[in-house]
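See structure below.
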Amino acid sequence: MRYPQLKLFHNPQSRSAGVRILLEELAIPAEFELVDFKAPEKSAALMAANPLGKVPTLIADGAVVTEQVAIYQFLAELNPAAGLSPAVGDALRGPYLRALAFYGSSFEPAMIDKALKRDSGQPGMSPYGNQAAVEQWVRSQLQAGPWFLGEQFTAVDCLWGTALGWMTRFGLIEATPEIAAYLERFAARPAVQRARALDQALLAG
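Here the sequence shown is numbered in this note's numbering, starting from 304 and rising by one per residue.
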């Protein structure tokens, strides 16, 4: 199978950490360009690809893919044999797409508001309604386990496993028993351990 030539603008201490884990799970090669958050200006290559200057930003055979949900879905579908993206017609496809979209449209906005101590506003104007409902939905997804969608590990877990690790570390969501157990299972995966070791080496220079 021919994969597109991939380049990921990446920083291990950012949202792109989960994308590196996904690439390891998929066994898809990619070039990584470290984005130095301490540099006075972001690289010209990154800004040319994504004027917002955000990571993750992915280039695939010259085409730019941004936004976490799009990147996870795009990459997971490159290697169907890995089984990380339920196919069209699969009963898990709808919940899979929902879990990806929920992260970007509801969970992260709710957590950012919580971190900044901002009121979510009127429920009808808020993208997520209220923070308590968002957090309860996440916990309910993990109560059945072992993975976010049940028995099958998918690209969704690369996103949520990474995100919940950050969120619990920063105290934005409580590491309840189901979340803590999920994060422990996630951290034990060989691909996660490989990706994190590669990221440590990247940061070490």
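Using N, Cα and C, we set each Cβ at its ideal position, and we do this for glycine too.
Beta carbon of residue i nearer than 9 Å to that of residue j
i       : j       : result
Leu-403 : Ile-331 : no
Glu-327 : Ala-494 : yes
Pro-389 : Thr-457 : yes
Ala-490 : Gly-508 : no
Ala-363 : Pro-430 : no
Pro-359 : Leu-506 : no
Met-414 : Leu-501 : no
Leu-309 : Leu-361 : yes
Gln-455 : Gly-386 : yes
Tyr-399 : Val-459 : yes
Thr-471 : Ala-483 : yes
Ala-466 : Phe-410 : yes
Rounded Cβ spacing between residue i and residue j (contact assumed at less than 8 Å)
i       : j       : result
Leu-381 : Leu-311 : Contact flag wrong, Cβ pair sits at about 13 Å.
Glu-481 : Leu-445 : 4 Å
Glu-334 : Ala-348 : That belief does not hold up - the Cβ atoms of Glu-334 and Ala-348 are roughly 11 Å apart, past 8 Å.
Gln-434 : Lys-417 : 6 Å
Ala-352 : Val-367 : 5 Å
Limits of the alpha helix (DSSP H) - the one that residue i falls within
i       : result
Val-322 : 320-329
Phe-405 : 396-405
Thr-471 : 458-472
Lys-417 : 411-418
Met-350 : 347-352
Cβ-based neighbour list, residue i, same chain, cut-off 7 Å, excluding 5 preceding and 5 following
i       : result
Arg-488 : Pro-449
Ala-447 : Gly-453
Arg-318 : Val-358, Pro-359, Gln-371
Lys-345 : Val-338, Gly-356
Three-way DSSP call (helix, strand, coil) for residue i in this model
i       : result
Glu-370 : coil
Phe-451 : coil
Ile-476 : coil
Ala-490 : helix
Phe-312 : strand
Ala-277 : No statement about residue 277 is possible, as the shown extent of the chain runs from 304 to 508 and does not include it.
Arg-421 : coil
Pro-383 : helix
Arg-499 : helix
Arg-442 : helix
Ala-390 : coil
Tyr-431 : coil
Tyr-306 : coil
Leu-506 : helix
Val-358 : coil
Glu-344 : coil
Ser-408 : helix
Cβ-based neighbour list, residue i, same chain, cut-off 6 Å, excluding 5 preceding and 5 following
i       : result
Cys-461 : Gly-321, Ile-324, Leu-325
Gly-464 : Phe-489
Pro-426 : Gly-432
Extent of the continuous beta strand (DSSP E) to which residue i belongs
i       : result
Leu-337 : 334-337
Beta-carbon proximity list for residue i, same chain, < 8 Å, skipping 5 on both sides
i       : result
Pro-383 : Ala-390
Ser-423 : Ala-413, Asp-416, Ser-429, Tyr-431, Gly-432, Asn-433, Gln-434
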